[in-house]
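Protein chains in written order, with the working numbering: chain A, 8 to 251; chain B, 8 to 251; chain C, 8 to 251.
For each residue, glycine too, the CB sits at the ideal point set by N, CA and C.
Just so you know, these numbers come straight off a predicted model, no measurement behind them.
Just below is one structure, and these are the notes that go with it.
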Amino acid sequence: MFKAVINAETLRDAIEAVSSLVDEVKFSISEKGVELKAVDPANVAMVSLKIGAEAFEFFKTTPGEIGVDLVRLTDVLSMADKGENVQLELDEESRKLKIGVGSLSYTLSLIDPSAIRKEPRIPELDLPAHVTLHGSELRRAVKAAEKVSDHVVLGVSDDVFFMEAKGEIDSLRLNIPSTELLGLKPGEARSLFSLDYLEDMSKSIGKAQEVTLELGMDYPLRVGFKIGQAIEVNYLLAPRIEQE
Amino acid sequence: MFKAVINAETLRDAIEAVSSLVDEVKFSISEKGVELKAVDPANVAMVSLKIGAEAFEFFKTTPGEIGVDLVRLTDVLSMADKGENVQLELDEESRKLKIGVGSLSYTLSLIDPSAIRKEPRIPELDLPAHVTLHGSELRRAVKAAEKVSDHVVLGVSDDVFFMEAKGEIDSLRLNIPSTELLGLKPGEARSLFSLDYLEDMSKSIGKAQEVTLELGMDYPLRVGFKIGQAIEVNYLLAPRIEQE
Amino acid sequence: MFKAVINAETLRDAIEAVSSLVDEVKFSISEKGVELKAVDPANVAMVSLKIGAEAFEFFKTTPGEIGVDLVRLTDVLSMADKGENVQLELDEESRKLKIGVGSLSYTLSLIDPSAIRKEPRIPELDLPAHVTLHGSELRRAVKAAEKVSDHVVLGVSDDVFFMEAKGEIDSLRLNIPSTELLGLKPGEARSLFSLDYLEDMSKSIGKAQEVTLELGMDYPLRVGFKIGQAIEVNYLLAPRIEQE
Chain A
8 MFKAVINAET LRDAIEAVSS LVDEVKFSIS EKGVELKAVD PANVAMVSLK IGAEAFEFFK
68 TTPGEIGVDL VRLTDVLSMA DKGENVQLEL DEESRKLKIG VGSLSYTLSL IDPSAIRKEP
128 RIPELDLPAH VTLHGSELRR AVKAAEKVSD HVVLGVSDDV FFMEAKGEID SLRLNIPSTE
188 LLGLKPGEAR SLFSLDYLED MSKSIGKAQE VTLELGMDYP LRVGFKIGQA IEVNYLLAPR
248 IEQE
Chain B
8 MFKAVINAET LRDAIEAVSS LVDEVKFSIS EKGVELKAVD PANVAMVSLK IGAEAFEFFK
68 TTPGEIGVDL VRLTDVLSMA DKGENVQLEL DEESRKLKIG VGSLSYTLSL IDPSAIRKEP
128 RIPELDLPAH VTLHGSELRR AVKAAEKVSD HVVLGVSDDV FFMEAKGEID SLRLNIPSTE
188 LLGLKPGEAR SLFSLDYLED MSKSIGKAQE VTLELGMDYP LRVGFKIGQA IEVNYLLAPR
248 IEQE
Chain C
8 MFKAVINAET LRDAIEAVSS LVDEVKFSIS EKGVELKAVD PANVAMVSLK IGAEAFEFFK
68 TTPGEIGVDL VRLTDVLSMA DKGENVQLEL DEESRKLKIG VGSLSYTLSL IDPSAIRKEP
128 RIPELDLPAH VTLHGSELRR AVKAAEKVSD HVVLGVSDDV FFMEAKGEID SLRLNIPSTE
188 LLGLKPGEAR SLFSLDYLED MSKSIGKAQE VTLELGMDYP LRVGFKIGQA IEVNYLLAPR
248 IEQE
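What follows is the structure in structure tokens.
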């Protein structure tokens with residue numbers, strides 16, 4: 008049994024944070040809320056999403072798993088008007104999810120969870136440098152870097168968070184001293200990342216008031232932010248090898 | 008002689024209701040106003056438009072007929088700024104319509120009315136069920152249904168107006184009880200329609216405060232709504248055969 | 008040495024007035040400000056731009072020349088948020104222009120000025136008729152004319168500024184009497200121009216409160232307008248031969 012009501016835009020924002028990387032996912036549903044972990048087809052980026060039960064207007068469930076095509080789910084959620092809620096209800100027998108939007112009732116066929124790629128084990132990493140900034144600042148830097156190159160160095164040097172993008176002709180550097188950051192735990196950090204993935208992530212990141220980046224030397228980047236109070240998104244992005 | 012002044016946006020809205028189905032039309036002009044009846048090239052949908060003389064700021068005419076390319080007329084009307092009027096004046100001799108928009112004067116070549124497809128005879132149908140609702144609600148339902156299928160069932164069952172769209176994977180149902188409609192005359196009604204045509208019509212329907220649908224059992228759908236106080240649009244859409 | 012601070016949007020508007028005609032330009036920098044003259048690849052239109060030192064928040068320079076790819080410069084300026092300033096600083100040694108936008112620092116490689124097409128000598132013309140009008144009015148007329156033809160006649164007849172576009176089917180005429188113009192110096196004037204070029208220019212013209220056109224009989228069109236108080240843009244557009 009799964010029955011829930013949630014603001015359509017909130018759910019859409021949560022789904023978008025995942026659908027930028029993967030199309031089909033397995034949601035784990037329990038009393039605590041809805042969770043998922045997924046890895047992109049190229050094994051470069053992982054995402055975990057936790058929608059706490061408090062994020063819902065109404066939430067009642069027995070523990071279970073459902074497989075969902077995020078493209079179709081997003082399509083349905085886009086039927087809702089601004090501020091409108093959606094009703095979700097699992098039909099156990101037919102394995103379909105009924106999604107109510109106003110007077111509309113959409114019947115979404117679920118995917119057999121066993122047909123969906125296995126959940127990744129997300130490694131525990133103790134990354135030395137932590138940077139907290141506005142999501143919109145990171146999004147702007149990523150969009151700017153794309154005009155110059157297809158990969159970018161992120162790092163921390165002394166009390167400064169930096170980004171470097173070098174193109175064949177022009178180059179771009181971002182320097183934000185700790186005084187202009189929302190938070191900084193300094194540490195040795197410098198790693199190269201693909202801008203394709205950062206751009207995919209930055210659509211969701213850009214909406215977040217506060218984003219925390221965790222960085223090391225040629226180590227993955229961890230990005231964490233919240234949607235509202237009760238939804239947590241975490242990305243883990245593998246580094247690329249920097250060539251001289 | 009034909010000379011008239013009308014708000015450009017109002018005229019554009021009226022024309023758009025027709026141009027979504029046909030490109031070239033024959034307007035009948037009389038003291039009462041401007042009228043047309045037309046059928047789409049595939050003979051699936053008919054439209055009638057009545058622009059009452061009261062819809063014009065100024066209106067003076069002798070009875071007559073003019074043939075107009077609606078694509079070009081819409082182009083000209085889009086030159087007007089918000090709230091601006093257009094001046095229309097027929098040059099009898101050259102068979103051209105002078106359209107004044109601000110300081111611009113556009114000379115639109117008319118089409119010989121005899122070269123335009125004959126006006127359809129719109130059948131008098133006494134359809135059992137009548138449903139009145141906000142145009143925006145119908146538009147939203149049509150747009151939602153398009154994500155699922157390319158045809159849709161519209162009907163009335165007891166005191167409920169319903170829409171059903173069945174796709175290969177997902178399905179969608181709309182239920183609006185009479186308490187949430189602007190009006191309902193119950194009656195046995197269930198017919199299948201092409202979403203292509205409904206979508207073409209729904210651009211105009213979506214702007215109307217109030218739309219009335221008339222339905223029967225495997226019978227055409229009649230849709231009626233007003234633009235402002237003095238412009239009436241009516242569609243008649245042939246049903247498709249429902250296959251099991 | 009060149010160091011300057013300017014509102015990003017102001018600079019972008021000034022650059023756009025030029026980049027609609029040419030891609031690579033040579034800026035002449037002096038204490039008075041920044042200037043350029045350029046001609047389009049087909050030698051049909053010339054543009055001159057003067058950004059007075061007063062247009063800058065900060066301006067300090069020694070005289071010099073720099074070659075700039077306007078497409079890339081526009082790209083960088085688009086990184087700025089509304090109302091934000093950009094910092095410009097020339098690195099003499101590396102021949103690069105550092106462009107600071109917030110925490111971002113873009114390094115723009117300059118072009119060797121000797122590799123850029125020689126500046127045109129802009130002819131001194133004493134054109135008989137002068138017309139001053141709102142930029143948005145001219146832009147609207149140009150956009151309307153494009154729906155009818157690919158060239159247009161501009162002229163002055165008695166106290167009226169007119170535009171004529173003749174298509175194969177329809178035609179368009181603009182008449183603005185002096186009473187509805189911001190200014191008119193009457194004179195014999197009628198010349199034919201390419202709408203392609205006028206359209207390119209009209210994006211910038213459309214933003215100007217006040218635009219002055221200078222016209223003659225089969226003579227070039229001169230267009231002058233200001234961006235803010237201290238930026239001047241002038242176009243000179245060669246006429247085409249009118250065929251009967």
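Asked	Found
Over the uninterrupted beta strand (DSSP E) stretch that includes Val83(A), give me the two end residues.	Where Val83(A) is concerned, there is no enclosing beta strand (DSSP E), although the alpha helix (DSSP H) it sits in stretches over 77-84.
Quick check on the DSSP output: the beta strand (DSSP E) that includes Leu97(C) runs from which residue to which?	92-98
Evaluate Met8(B) with the Cβ neighbour count: other Cβ atoms within 10 Å of its Cβ, from every protein chain shown; 16 or more gives buried, anything less gives exposed.	exposed
Looking at Asp166(C): is its Cβ nearer than 8 Å to the Cβ of Asp203(C)?	no
With a threshold of 8 Å between beta carbons, is Thr81(B) in contact with chain C?	no
Are the C-beta atoms of Arg180(B) and some chain A residue less than 8 Å apart?	yes
Taking only runs that begin and end inside the region 212-243 of chain A, name each unbroken beta strand (DSSP E) of 3 or more residues, in chain order.	218-222, 228-234
Can you list the alpha helix (DSSP H) stretches of 4 or more residues lying completely in the region 157-215 of chain A, in chain order?	202-212
For the region 187-194 of chain A and the region 135-144 of chain A, state whether three or more C-beta atom pairs, one from each stretch, are separated by less than 8 Å.	yes
Mind reading off the beta-carbon distance from Val93(B) to Ile106(B)? Whole number of angstroms is fine, and I expect it under 8 Å.	6 Å
Could you confirm whether any beta carbon from chain C is found closer than 8 Å to the beta carbon of Ile176(A)?	yes
Output, in sequence order along the chain, the residues in the region 61-90 of chain B whose CB is closer than 7 Å to any CB in chain C.	Arg79, Asp82, Met86
Give the DSSP-derived three-state secondary structure of Glu153(C) in the structure shown.	helix
Quick one: is Ser110(B) near chain C, going by C-beta distance under 8 Å?	yes
Bridge partners of Ile118(B), per DSSP?	Gly74(B)
For the region 117-127 of chain A against the region 145-155 of chain A, do three or more pairs of beta-carbon atoms, one drawn from each stretch, fall closer than 8 Å, so that the two count as touching?	no
Going along the chain, which residues of the region 111-123 of chain B sit with their C-beta nearer than 8 Å to a C-beta in chain C?	Leu111, Ser112, Tyr113, Thr114, Leu115, Ser116
For chain B, check one thing: does any of its Cβ atoms lie closer than 8 Å to the Cβ of Ala151(C)?	yes
Buried or exposed: Lys33(B), going by 16 or more other Cβ atoms within 10 Å of its Cβ?	buried
Report yes if the C-beta distance between Arg79(B) and Leu115(B) is below 8 Å; otherwise report no.	yes
Taking only the alpha-carbon atoms, compute the straight-line gap between Asp177(B) and Tyr113(A) and give it to the nearest angstrom.	7 Å
Going along chain A, which residues have a C-beta under 7 Å from Ala215(B)?	The premise fails here: Ala215(B) is roughly 18 Å from chain A at the closest Cβ pair, so nothing lies under 7 Å.
If you drop the 5 nearest sequence neighbours on each side, which residues of the same chain put their C-beta closer than 6 Å to that of Ile3(B)?	The structure shown does not extend to residue 3(B), since chain B spans only 8 to 251, so no value can be given for it.
Using CA atoms only, rank isn't needed, just tell me which of Arg197(A), Glu206(A), Gly213(A) is closest to Phe169(A).	Arg197(A)
Output the distance between the C-alpha atoms of Arg180(B) and Ala52(B), rounded to the nearest integer angstrom.	24 Å
Could you spell out the range, first to last residue, of the beta strand (DSSP E) harbouring Ser26(C)?	Note, Ser26(C): premise wrong, no beta strand (DSSP E); alpha helix (DSSP H) at 15-26.
Can the beta-carbon of Phe200(B) be found closer than 8 Å to that of Ala215(B)?	no
Identify the contact partners of Ile183(C) in chain B, using a Cβ-Cβ distance below 8 Å as the criterion.	Ser110
Measure the C-alpha to C-alpha separation of Leu140(C) and Ser85(B) and round it to an integer number of angstroms.	22 Å
Bridge partners of Gly40(B), per DSSP?	Ser37(B), Gly59(B)
Give the single residue among Ala152(A), Ser164(A), Leu161(A) whose Cα lies nearest to the Cα of Glu175(A).	Ala152(A)
Buried or exposed for Glu91(B), going by 16 or more other Cβ atoms inside 10 Å?	exposed
Would a C-beta distance cut-off of 8 Å place Val46(A) and Val25(A) closer than the cut-off?	no
Is it right to say Pro246(C) is buried, meaning 16 or more other beta carbons lie within 10 angstroms of its own, or is it exposed?	buried
Which of the three DSSP states is assigned to Met109(B) in this structure?	For the record, residue 109(B) in the displayed sequence is Gly; it is not Met. The answer is coil: DSSP assigns Gly109(B) none of H, G, I, E or B.
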